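*Asks:* Take this structure first; my questions come after.
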Amino acid sequence: MGNAERFSGKVALVTGASSGIGEAAARRLHDEGARVASFDLHAKAPEDVLALSGDVSSSTDVEAAVAQVRRELGPIDILVCSAGVPGVSLATVDVTDEEWRRVMAIDADGVFFCNRAVLPGMIERGYGRIVNVASIAGKEGNPMAAAYSAAKAAVIAMTKSIGKDVARSGVLVNCIAPAVIETPMLGGMADYHIEYMVERIPLGRMGGAEEVAALACWLASEECSFSTGATFDISGGRAVY
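In my numbering, the protein residues as written are 240 to 480.
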């Protein structure tokens with residue numbers, strides 16, 4: 240079976256699919272045969288993708304979206320959690336309570352709520368693929384990004400835990416740890432923050448959303464069969480573990 244058909248008959252839910260990595264992943268999943276739904280604050284999605292609006296940091300919104308996907312497209316086989324925010328570039332002493340909680344709620348709570356919502360159906364059917372988007376910041380920590388780095392470290396840890404929880408159920412749970420990727424998300428970061436990240440990439444450039452989508456879609460496919468609870472590097476050589 241070629242890539243053009245590898246998701247035939249599968250239903251995928253992608254969070255944060257209105258732009259960036261999520262949009263690229265949703266488009267590729269659709270192009271390779273999946274029925275795809277997008278869940279984002281903005282009801283915007285690639286062509287022929289079911290666009291749902293809501294807030295990943297609200298478990299109520301997440302549960303409602305999962306239920307709607309099941310009604311309109313069928314049981315969910317694939318979840319890609321890409322929704323996230325970079326947070327404001329601030330020294331740790333300048334991070335307010337509100338900013339800390341905002342970033343953690345979207346980037347960590349949102350991933351947990353989405354994983355929790357789709358797992359019962361996947362476990363019942365004995366099949367599922369979950370791909371959580373973490374970050375190299377979750378491994379190394381970036382300066383001026385304490386909340387973001389902590390949230391992405393939480394994504395890595397919860398992926399390891401959930402992957403082990405459901406390891407014998409037919410559901411595989413993995414995450415990816417990109418370095419800086421050229422997406423609209425960079426609009427919220429200071430130039431020096433972006434320069435810091437690019438300078439540390441041996442390949443000497445930012446990654447592209449389509450490059451990350453290619454890895455995410457392999458992890459979302461049946462070709463991925465012996466990896467779970469793992470973190471996959473896509474950092475242009477920056478990651479050393």
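Just so you know, even glycine gets a beta-carbon here, dropped at the ideal spot from N, CA and C. Computed from a predicted structure; not experimentally measured.
Does the beta-carbon distance from I369 to N354 come in below 7 Å?
*Replies:* Yes, they are a contact pair.
*Asks:* When DSSP labels each residue in this structure, what does E244 get in the three-state scheme?
*Replies:* Looking at E244 - three-state DSSP - the assignment turns out to be helix.
*Asks:* Quick check on E286: does DSSP put it in helix, strand or coil?
*Replies:* In the structure shown, E286 sits in coil (DSSP, three-state: anything other than H, G, I, E or B).
*Asks:* As a quick exercise: from D472, S296 and P441, pick the residue whose alpha carbon is nearest that of R341.
*Replies:* R341 has its Cα closest to that of S296, out of D472, S296 and P441.
*Asks:* Measuring alpha carbon to alpha carbon, tell me which residue in A276, S408, G367 and L442 is nearest V301.
*Replies:* Closest by alpha carbon: A276.
*Asks:* Could you have a look at S298 and say whether DSSP puts it in helix, strand or coil?
*Replies:* Helix.
*Asks:* What residue from S466, H432, L454 and I317 has the CA that sits closest to A330's CA?
*Replies:* Ranking S466, H432, L454 and I317 by Cα distance to A330 puts H432 first.
*Asks:* Distance, Cα to Cα, S292 vs A306?
*Replies:* Cα to Cα, S292 sits roughly 13 Å from A306.
*Asks:* Taking a contact to mean a Cβ-Cβ separation below 7 Å, would you say A452 touches A264 in this structure?
*Replies:* Closer than 7 Å, so yes.
*Asks:* Do you know offhand how far C414's Cα is from E462's?
*Replies:* Taking the straight line joining both Cα atoms gives about 16 Å.
*Asks:* So the candidates are V405, C320, R407 and S257; which of them puts its Cα closest to the Cα of A373?
*Replies:* Checking every option, the nearest Cα to that of A373 belongs to C320.
*Asks:* For G241 and K249, I'd like the C-alpha separation in whole angstroms.
*Replies:* Because G241 carries a pLDDT of 47, less than 50, the predicted location of this residue cannot be relied on, and no value is offered for it.
*Asks:* Mind checking which residues open and close the alpha helix (DSSP H) that includes R477?
*Replies:* Looking at the DSSP string, R477 is not in any alpha helix (DSSP H), and its letter there is neither H nor E.
*Asks:* Can you tell which of V327, A406, F352 and R310 has its C-alpha closest to the C-alpha of T299?
*Replies:* If we check each option's Cα against that of T299, F352 comes out closest.
*Asks:* Measuring only the C-alpha atoms, how far is S388 from T467?
*Replies:* If I take the Cα positions, the gap works out to 22 Å.
*Asks:* Spatial neighbours of A393 within its chain, please: C-beta separation below 6 Å, excluding the five flanking residues on both sides.
*Replies:* Closer than 6 Å at the Cβ level, and outside the excluded window around A393, lie A347.
*Asks:* Which one or two residues does DSSP pair with C353 in a beta bridge?
*Replies:* According to DSSP, which records beta bridges pairwise, C353 is partnered with nothing at all.
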